[in-house]
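Q: For the sequence shown, full-length UniProt numbering gives the first residue as 1, with consecutive numbering after it. All C-beta atoms in this analysis are idealised placements derived from N, C-alpha and C, irrespective of residue type, glycine included. Source: prediction; values computed, not measured.
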Amino acid sequence: MSLTVKAFLYRRSWKEEPTEIRRFSLDQDVSTSYSYLVQKLAQVFPSVSAEEIILSWEDAEGDYVNISSDEELVEALDQFDGSIFKFT
1 MSLTVKAFLY RRSWKEEPTE IRRFSLDQDV STSYSYLVQK LAQVFPSVSA EEIILSWEDA
61 EGDYVNISSD EELVEALDQF DGSIFKFT
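Printed below as a string of structure tokens:
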């Protein structure tokens with residue numbers, strides 16, 4: 001089984017319109033790997049290096065929560081209840 005991801009690229013602030021939007025799938029066995037996800041994002045957004053990526057997601061309360069580790073990624077996925085996981 002795979003996880004469908006919708007990723008939004010913002011150049012300055014998440015309050016602006018996204019510069020690019022990409023959609024891709026992650027295999028179940030790598031879906032909880034923060035480093036794999038960052039490398040995948042660097043591939044789908046070639047104008048951004050892995051070092052420049054700041055990963056966040058919107059929680060149920062409307063707050064944007066940063067992700068910087070496998071543990072935080074697992075927590076985000078645990079809160080996920082839709083068919084497509086959105087990262088900003």
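1) Relative to the C-alpha of Val74, which candidate in Phe8, Phe24, Glu17, Thr32 has its C-alpha closest?
2) Does Ala7 pass the burial test, meaning 16 or more other C-beta atoms within 10 Å, or should it be called exposed?
3) What beta strand (DSSP E) runs, 3 residues minimum, are completely inside the UniProt domain "PB1" (2 to 88)?
4) Take Ile21 and list the residues in its own chain whose beta-carbon comes closer than 6 Å to its own, dropping the five residues that flank it on each side.
5) Please classify Ile54 as buried or exposed, where buried requires at least 16 other C-beta atoms within 10 Å of its C-beta.
A: Per the coordinate set shown:
1) Thr32
2) buried
3) 2 to 9, 20 to 27, 55 to 58, 64 to 67, 85 to 87
4) Phe8
5) exposed
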